[in-house]
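Asks: Chains as they are written, first to last, in the numbering used here: chain S, 3 to 216; chain Y, 46 to 342; chain L, -3 to 276.
Glycine residues also receive a C-beta, built at the ideal position from the N, C-alpha and C atoms.
Since the structure is predicted, the reported quantities are computational estimates derived from the model, not experimental observations.
I'd like to ask some things about the structure below.
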Amino acid sequence: MDWLTDNYVNILRGFGETLRLLGASGALALVLGTLVALARVSPVPILRGVGTFYVTIFRNTPLLVLILIAYYGLPEIGIDFGFFINISLAMGTYTAAFVAEAIRSGFNGVPLGQAEAARAIGMPFMTSMSQVVLPQAFRLVVPPMASVYIALTKNTSLAATFGIAEATFRMRGLFNDYASQMIQIFVGISLGYILIVAVISWIATAFERRWAVA
Amino acid sequence: MTSIKARWAAVAAAAALTLAACGDAGSSDDASDDTPEYEVEDVNFDEGTRMAELNEQGSVKIGVKFDQPGIGFRAAGSDVPTGFDAELGKILAADLGLEPGDIEWVETISANREQFLQNGTVDFVIASYSITDDRRQVVGQAGPYYVTGQSLLVAADDDSINGPDDLEGKKVCSVTGSTPIKLIEEEYGATPAGFDTYSECVDQLLNGSVDAVTTDAAILLGYAAENEGELKVVGEPFSEERYGVGYSQDYPELCEFINESLTEAFEDGDWESAFDATLGKGGSEAGDPPALDPCQS
Amino acid sequence: MSSTVLYDAPGPRARVRHRIFGILTIIGIVAVLGLIVWKLWVEDQLTAEKWEVFYTPRFISLLAEGMLDTLWIAVLSIAGALVFGLVFGTAKLSDHAPVRWVAWTVVEFFRAVPLLLLIIFIWFYAFETQLGTIAPLVIGLILYNGSVLAETFRAGINAVPRGQVEAAYAIGLRKSAVMRIVQLPQAIKIMTPAIISQCVVALKDTSLGYYILAPGLTTIGRDIWRTFDNRLATALVLAVLYIVLNLLLTALGRWAEKHITGARPAQSMENNPSVPLDKP
């Protein structure tokens, strides 16, 4: 276990970078994904088209290729804030497509009759939204959203060969130094990721319970 | 919807066809013109040696890097790598009585060189492969055929970095999982930035995303030459890397063969012309050939 | 239009407003795209030098080769993942606790571990053997996608109404027959959309092979940009090729869904949040 005792500082720093990436790209994905989802359900046909286009493009491109575009394309059009921001932009825009789909499926999951009933008893639009539609949509959004963020956590590993010294970068270095303890290293680093995934699942469960409908 | 999609596909296909007629990329830089040729001799090896076997079967598998200009590099669409290591592979093959066309080139990376030798994926590894005691415990290494050391590549107008001691807090790029990237973090306090290949690192250095690129001077010189006026190699090498030829310990007789072959190449000028055609293109000198380690038997 | 909870069908004034919004959107998009193209032009990214390689026949055939490798790896991985998923998905529903427990551990582990981490590990571990580079990639893809599909299968089987299973038992079918005749055929109908999107995920993830020198589109792309120093152009071309491949794959899946499982799925999974729908 000397790989752990000698390197735990670096490994922790690695997971720190992983979490920073998760936070930055996760926040971007949430904001952008919500906008795209709103576009996809909006009454303006062209906006709906734009939303659908966005989701189609970003959902069908490998993240790796998007990172390449962000690393070698964005600087050319004057957007260059270093590795961390560039890779967060790539991961954020990619994940936003999935966030948008999660949100849209939540809206679609609310039965039409609910909104009609709200309207029928005289609720104005905003009230029917805030009291009837959104709470139910939100509850439906939580589980797919958790999967999206779990996937994002794992996708941050791609940053290992794009200038970020995160957890997978650390594992790759340890493999070279401690070739005989590879299984331990792999399981150890995996457990780190599993812990993050478990925390996300736990938060999702807590949310679901909070918004549970009897 | 389907008809629109189909129409677009047709347009794209038509465009591809018309364009295909006029593209001509990569035809001007055929690499094979200016590399030296090595005399393929009629050779006789003792019965039962590995050399005799390879000569008999008429082919040899050599592991080289595919991503290091000047050392071992394979262009897209080409089967044959170029570079100093690849030239040495041809020299060895010639001494086995084999033509360059008889060589099967296999891409190796730093992490899999020992295993490729051990499990017989390749017969020789010539892939900027430093001789170390650790490695000699599991594989054979003959040579060295070239001596270099870890060094730093920086922007030509950067005066703040003159050696490894100036790296504290600087962003330094190298290949993820490599020894140089570990050294500059642990010994000199630099912030590591790991990429897939050195070329990627050089690109990041050119656009200012990292402060320096570190690895063996031999590799860095190639990039400095390619980007003259923009990049420079600074400071003395802060490690000694002695590039050797890897072979499997199952065939210890290969060591004497490699050493003899290298000695001959040192003497008849093949080694120098191989260097001049590859690493020396940027103007650096081959210098004196290094002294070979004796073979242990 | 009427199938949304968010707004009513627009009247004449709303339609005019929507049209104005639409035109503004188009103007905005055209302006941004124009700006990007102009910037790229100024920065010399749109020169023939950077793009010529993509209309040179030799490199088109190289890319086609890479695409075939990608497809081949994807087909192997998806086929393997379907088998893996079926085995572990049913194992998770087993009546025997130890079987359930083992299946749960395997599936949860491979779902939570980053695929790249897994592939690198298998690749390193396989150095001792002559497995090469394709096998580690395919094994990694099977383990990961198979685990996701195992969850999908389990949820799909559970989504078959309980009463049907009870009815099947009541007419004297055995456990395996219930699974084979009643649960699986309906579950597969329910799960098809999720399976299709997982196939797209697997196809995209073959790109990770670039890291371990496995052949494929991205690896060919890397060869090209190393040689011609045109990373952005190459990445854009790769993106287009992957998008086309994935759209074709999706269309194929839809077609298969229609022709194999009959006219309409019994019950869509779209709105069933307990089923993992789509993952990046």
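Counting only Cβ pairs nearer than 8 Å, list the residues of chain L close to Glu152/Y.
Replies: Leu209
Asks: Check whether the Cβ of Gly128/Y lies closer than 7 Å to any Cβ atom in chain L.
Replies: no
Asks: Which residues, in order along the stretch 177 to 196 of chain Y, keep a beta-carbon less than 7 Å from a beta-carbon of chain S?
Replies: none
Asks: Give me the DSSP bridge partner(s) of Ser148/Y.
Replies: Note that residue 148/Y corresponds to Ile in the displayed sequence, not to Ser. Here Ile148/Y is bridged, per DSSP, to Val105/Y.
Asks: Work out the CA separation of Ile16/L and Gly7/L for me, nearest whole Å.
Replies: 14 Å
Asks: Find out if the Cβ-Cβ distance for the pair Gly18/L, Ile13/S is shorter than 7 Å.
Replies: no
Asks: For the alpha helix (DSSP H) that contains Gln133/S, what are its first and last residues?
Replies: Segment: none, Gln133/S is in no alpha helix (DSSP H) and carries neither H nor E.
Asks: Between which two residues does the alpha helix (DSSP H) holding Leu66/S run?
Replies: Leu65 to Tyr74
Asks: Note down, in chain order, each residue of its chain lying with its Cβ closer than 8 Å to the Cβ of Thr155/S, except the 5 sequence neighbours on either side.
Replies: Listed in chain order, the non-local C-beta contacts of Thr155/S below 8 Å within the same chain comprise Thr20, Leu24, Tyr195, Ile198, Val199 and Ile202, local neighbours out to five positions each way being set aside.
Asks: Determine which residues share a DSSP beta bridge with Ala230/Y and list them.
Replies: The sequence given here places Glu at residue 230/Y; Ala does not occur at that position. None, per the DSSP bridge assignment.
Asks: What do you get for Asn207/Y, buried or exposed, if any count of 16 or more other CB atoms within 10 angstroms of its CB means buried?
Replies: exposed
Asks: For chain S, is any of its Cβ atoms less than 7 Å away from the one on Arg227/L?
Replies: yes
Asks: Closest to Ala214/S by CA distance: which of Gly51/S, Phe100/S and Gln138/S is it?
Replies: Gln138/S
Asks: Less than 8 Å between the CB atoms is what I'm expecting for Leu228/L and Glu78/S, so what's the real figure, rounded?
Replies: 6 Å
Asks: Identify, in the order they occur along the chain, each residue of the same chain with its Cβ nearer than 7 Å to the Cβ of Pro132/L, setting aside the five sequence neighbours on each side.
Replies: Apart from sequence neighbours up to five positions away, the residues of its chain that approach Pro132/L with a beta-carbon distance below 7 Å are Ile115, Ile118, Trp119, Ala122 and Ile208, ordered along the chain.
Asks: When Cβ atoms are compared, which residues of the stretch 105 to 122 of chain L fall closer than 8 Å to chain Y?
Replies: Phe120
Asks: Classify Pro211/L as helix, strand or coil using the three-state DSSP reduction.
Replies: In the structure shown, Pro211/L sits in coil (DSSP, three-state: anything other than H, G, I, E or B).
Asks: Do you know offhand how far Ala39/S's Cα is from Gly51/S's?
Replies: Distance between the alpha carbons of Ala39/S and Gly51/S is about 11 Å.
Asks: Is Gln160/Y close to chain L? Criterion is C-beta to C-beta, closer than 7 Å.
Replies: yes
Asks: Is Thr221/Y near Phe17/S, with beta carbons less than 7 Å apart?
Replies: no
Asks: Give the secondary structure of Cys246/Y by DSSP, where H, G and I count as helix, E and B as strand, and everything else as coil.
Replies: helix
Asks: Output the distance between the C-alpha atoms of Gly159/L and Phe149/L, rounded to the nearest integer angstrom.
Replies: 19 Å
Asks: List the residues of chain Y whose Cβ lies closer than 7 Å to the Cβ of Ile220/L, in chain order.
Replies: Ala121
Asks: With a cut-off of 8 Å on the beta carbons, I'd call Pro114/Y and Glu271/Y a contact; round off their distance for me.
Replies: Their Cβ separation, rounded to whole angstroms, is 7 Å, which keeps Pro114/Y and Glu271/Y in contact under 8 Å.
Asks: Looking only at its chain, what residues have a beta carbon closer than 8 Å to the beta carbon of Leu78/L, apart from the 5 residues adjacent to it on each side?
Replies: Gly142, Leu145 and Ile191
Asks: To be precise: take each residue of the stretch 157 to 169 of chain S, compare its Cβ to all Cβ atoms of chain L, and keep it if any distance is under 9 Å. Which residues remain?
Replies: Asn157, Thr158, Ser159, Leu160, Ala162, Thr163 and Ala169
Asks: Let me make sure I understand the geometry here. Which of Phe85/S, Phe55/S, Gly80/S and Asp8/S has the alpha-carbon closest to that of Ser27/S?
Replies: Phe85/S
Asks: So, for Gly85/L: in the same chain, excluding its five sequence neighbours on each side, which residues have a beta-carbon less than 6 Å away from its beta-carbon?
Replies: Ala146, Phe149 and Arg150
Asks: To the nearest angstrom, how far is the alpha carbon of Thr230/L from that of Asn89/Y?
Replies: 49 Å
Asks: If you drop the 5 nearest sequence neighbours on each side, which residues of the same chain put their C-beta closer than 6 Å to that of Tyr140/L?
Replies: Around Tyr140/L: Phe106 and Leu111.
Asks: Taking 7 Å as the threshold (C-beta atoms), are Leu204/L and Met63/L in contact?
Replies: No. Outside cutoff.
Asks: Nearest to Ala252/L by alpha carbon, out of Thr188/L, Leu59/L, Asn154/L and Leu58/L?
Replies: Thr188/L
Asks: Quick check on Ile205/S - is its C-beta less than 7 Å from some C-beta in chain Y?
Replies: no
Asks: How many Å lie between Ala72/S and Val278/Y at the Cα?
Replies: Distance between the alpha carbons of Ala72/S and Val278/Y: 28 Å.
Asks: At what residues does the alpha helix (DSSP H) containing Gln160/Y begin and finish?
Replies: Arg158 to Gln163
Asks: Taking only the alpha-carbon atoms, compute the straight-line gap between Tyr190/Y and Ala322/Y and give it to the nearest angstrom.
Replies: If I take the Cα positions, the gap works out to 16 Å.
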